[in-house]
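For reference, the structure discussed in these notes is given below.
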Amino acid sequence: MRKTSFIPNLRAIWLFVKDPSTDWKPKALVVAAVLYLVWPIDLLPDFAPIVGWLDDLGFIGAAAWYLAHATNRYLERKK
Numbered sequence: 010m011r012k013t014s015f016i017p018n019l020r021a022i023w024l025f026v027k028d029p030s031t032d033w034k035p036k037a038l039v040v041a042a043v044l045y046l047v048w049p050i051d052l053l054p055d056f057a058p059i060v061g062w063l064d065d066l067g068f069i070g071a072a073a074w075y076l077a078h079a080t081n082r083y084l085e086r087k088k
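Note that our numbering has the sequence shown beginning at 10, numbered continuously upward.
In structure tokens:
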């Protein structure tokens, strides 16, 4: 498995999500991740300083990991 940095791949992720041939699931994951960050209702309330942010970090971390790997597979297919 190739180690990648998330920030330099933002353009690749953008192209991956915009590509009409991309499945709807990664696109839905991007929307869900953004909505989860701005949605006022969380699994763990944010008023508890550290514990309240754990669900946010876990969800965003999992979404970022999935998108990074899906984007790498996309880039390999496009070569």
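Here a beta-carbon is modelled for each residue, glycine too, at the ideal position from N, C-alpha and C.
Neighbourhood of residue i by C-beta, 8 Å cutoff - its chain only, sequence neighbours within 5 removed
{"i": "Thr80", "result": "Asn18, Ala21, Ile22, Phe25"}
Assumed close pair residue i, residue j - CB separation to whole angstroms, cut-off 8 Å
{"i": "Ala72", "j": "Ala42", "result": "4 Å"}
{"i": "Pro35", "j": "Leu84", "result": "Actually they do not touch by this definition, with Cβ atoms about 13 Å apart."}
{"i": "Asp65", "j": "Leu46", "result": "7 Å"}
Assigned secondary structure, residue i (DSSP; H/G/I helix, E/B strand, else coil)
{"i": "Lys88", "result": "coil"}
{"i": "Phe25", "result": "helix"}
{"i": "Phe68", "result": "helix"}
{"i": "Thr80", "result": "helix"}
{"i": "Pro35", "result": "helix"}
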